[in-house]
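Chemist: Below are the structure tokens for one structure; questions will follow.
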Amino acid sequence: MDTAQLINTYFKAFNAGDTDDMLDLLHDDIEHHVNEGQIRKGKDLFASFNAHMTRCYREELTDMVIFVNDGGDRAAAEFVVNGTYLETDEGLPAAQGQTYRLPAGSFFSIRDGKIARVTTYYNLSDWMAQVTG
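Residues in the sequence shown are numbered from 3 upward in steps of one, following my numbering.
Written out as structure tokens, the structure reads:
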């Protein structure tokens, strides 16, 4: 599978809530760089993060545009996050089923045909404003 297909498959699994399918696309030495917080290394920490996110948020990514460098070892995606805040996340406002919509982007490193790094960015202040009204 080429890099564009790999990233597209990753996001299709995300939108379907198939976190096990997402894990299958990751290199064993995955590094997950999140917008706020520590870098998570390894599939176990990535799986824990996904379980937490699934509990607290329901999200669908739309308006996806994927970019791949000529060598196929780096990629980026720009998209819109359409979400519902389901359960209060520690240190954040109380969840009451608020909906939100915000632009975001992810950056990837590819190694051995798998995703070796995921870095995701979004505007946390924008999200906070949307969920607190």
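Cβ atoms here follow ideal geometry from the backbone N, Cα and C, with glycine treated the same way. Model, not experiment: these values are computed from the prediction.
1. Once the 5 residues before and after Glu-80 are set aside, which same chain residues still bring their CB inside 6 angstroms of it?
2. Can you tell me the Cβ-Cβ gap for Ile-32 and Ala-77, rounded? I've got them flagged as a contact below 8 angstroms.
3. Indicate the three-state DSSP secondary structure (helix, strand or coil) for Thr-101 in the structure shown.
4. Which residues does DSSP list as the beta-bridge partners of Phe-110?
5. CB Val-70 to CB Tyr-102, shorter than 8 angstroms?
6. Going by Cα to Cα distance, which pick from Gln-40, Asn-52, Ile-41, Ala-6 is closest to Asn-17?
7. Only counting the same chain, and skipping five residues up and downstream in sequence, which positions put a Cβ closer than 7 angstroms to that of Leu-28?
8. Taking the beta strand (DSSP E) that Val-133 falls in, what are its first and last residues?
9. Do Val-83 and Tyr-124 have their beta-carbon atoms positioned less than 8 angstroms apart in this structure?
10. Would you report the Cα separation of Ala-131 and Leu-94, rounded to the nearest angstrom?
11. For Thr-90 and Phe-109, which I take to be in contact (beta-carbon distance under 8 angstroms), what is that distance rounded to the nearest angstrom?
12. Terminal residues of the continuous beta strand (DSSP E) containing Thr-64?
13. Tell me which residue opens and which closes the beta strand (DSSP E) that Asp-23 is part of.
14. With a threshold of 16 other CB atoms inside 10 Å of the CB of Ile-9, please say whether the residue is buried or exposed.
Modeler: Once the coordinates are examined:
1. Counting from one through the sequence shown, the residue named residue 80 turns up at place 78. Answer for Glu-80: Val-67, Gly-107, listed in chain order.
2. In the sequence shown, the residue the question calls residue 32 occupies position 30. In the sequence shown, the residue the question calls residue 77 occupies position 75. Between Ile-32 and Ala-77, the beta carbon gap of about 14 angstroms keeps them out of contact (Cβ cut-off 8 angstroms).
3. Indexing the sequence shown from 1 puts residue 101 at position 99. In this structure, DSSP gives Thr-101 an extended state, which the three-state scheme calls strand.
4. Locating residue 110 in the sequence shown gives position 108, where the first residue counts as 1. Among the bridge pairs identified by DSSP, Phe-110 is matched with Ala-77, Val-120.
5. The residue labelled residue 70 in the question sits at position 68 within the sequence shown. The residue labelled residue 102 in the question sits at position 100 within the sequence shown. Not closer than 8 angstroms, so no.
6. By 1-based counting over the sequence shown, the position of residue 17 is 15. When each option's Cα is compared against that of Asn-17, the closest is Asn-52.
7. The residue given as residue 28 occupies position 26 in the sequence shown. The answer, listed in chain order, is Lys-45, Phe-48, Lys-116, Ile-117.
8. Position 131 of the sequence shown, counted from the start, is the residue given in the question as residue 133. Per DSSP, Val-133 belongs to no beta strand (DSSP E); it is in the alpha helix (DSSP H), 126–134.
9. Indexing the sequence shown from 1 puts residue 124 at position 122. Indexing the sequence shown from 1 puts residue 83 at position 81. Yes; because the gap between Cβ atoms is below 8 angstroms, this pair is in contact.
10. Along the sequence shown, one-based indexing puts residue 131 at 129. Along the sequence shown, one-based indexing puts residue 94 at 92. Computed Cα separation, rounded: 11 angstroms.
11. The residue given as residue 90 occupies position 88 in the sequence shown. The residue given as residue 109 occupies position 107 in the sequence shown. Separation of the CB atoms of Thr-90 and Phe-109 is rounded to 29 angstroms, and the pair is thereby denied contact status at 8 angstroms.
12. Position 62 of the sequence shown, counted from the start, is the residue given in the question as residue 64. Unbroken beta strand (DSSP E) run through Thr-64: 59–70.
13. One-based indexing of the sequence shown puts residue 23 at position 21. Asp-23 -> not in any beta strand (DSSP E); alpha helix (DSSP H) instead, spanning 21–26.
14. Your numbering for residue 9 matches position 7 in the sequence shown. In the assembly as shown, Ile-9 is a buried residue. Its beta-carbon has 16 or more other beta-carbons within 10 Å.
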